[in-house]
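S.K.: Number 152 in the working numbering belongs to position 127 of the sequence shown; there are no gaps in the numbering.
C-beta: ideal position from N, C-alpha, C; glycine also.
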Amino acid sequence: LRSKFAHIDHSKQYTRNLVYSVPGVFNLLLLVWNPGKESPVHDHADAHCLMKILKGSLVESRFAIPSQPGEQGPLVQTARKEFGLNQVTYMADVLGLHAISNPHPTEHAMSLHLYTPPNAALRGCHVYDMRNGAVRHVRQDTYDSVGGRVGM
């Protein structure tokens, strides 16, 4: 799985590599995290997400959803946990927002993500500014590789 789908792009925080999907039901992505990089704080577009660590470790920081985005000051962190090899975590919008980071300064990390339903691929999701909670919509319908092929 890793050798076929683990596309790396050092110009990005991480790559999103589509392994398999059933439209409207789920999608399965392999994310490759560059050393010391992180995702923005984001929601999950009313989907469920399971994440399994395949290489290295990742830190999940969870945040409360601001009731008035952009008007309340910094996001409030509610939890922070490091996940190691083969550990699994679950995330959904009812649990708040989160960001994922690779704490290692020189090694890549890899994680397998199952999203059901694949709402973000259909309609995008929201990312939040940690400083003021401002929210913006982002598309999530493109991938760095599809089925192991780059440039799809």
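Leu120 by DSSP, collapsed to three states: which one?
M.R.: The answer is helix: DSSP assigns Leu120 an H, G or I state.
S.K.: Excluding the 5 residues preceding and the 5 following Ala70 in the sequence, name in chain order all residues of the same chain whose CB lies nearer than 6 Å to its CB.
M.R.: Excluding residues within five positions, the ones whose Cβ falls inside 6 Å are Asn144, Ala145 and Cys150.
S.K.: Is it right to say Tyr115 is buried, meaning 16 or more other beta carbons lie within 10 angstroms of its own, or is it exposed?
M.R.: Per the 10 Å Cβ criterion, exposed.
S.K.: By how many angstroms is the C-alpha of Glu96 removed from the C-alpha of Thr178?
M.R.: This structure cannot speak to residue 178, because the chain is shown only from 26 to 177.
S.K.: Quick one: Cα of Leu120 to Cα of Ser28, how far?
M.R.: Roughly 33 Å separates the two Cα atoms.
S.K.: Using the three-state DSSP reduction, which class does Ala145 fall into: helix, strand or coil?
M.R.: Three-state DSSP puts Ala145 in a helix.
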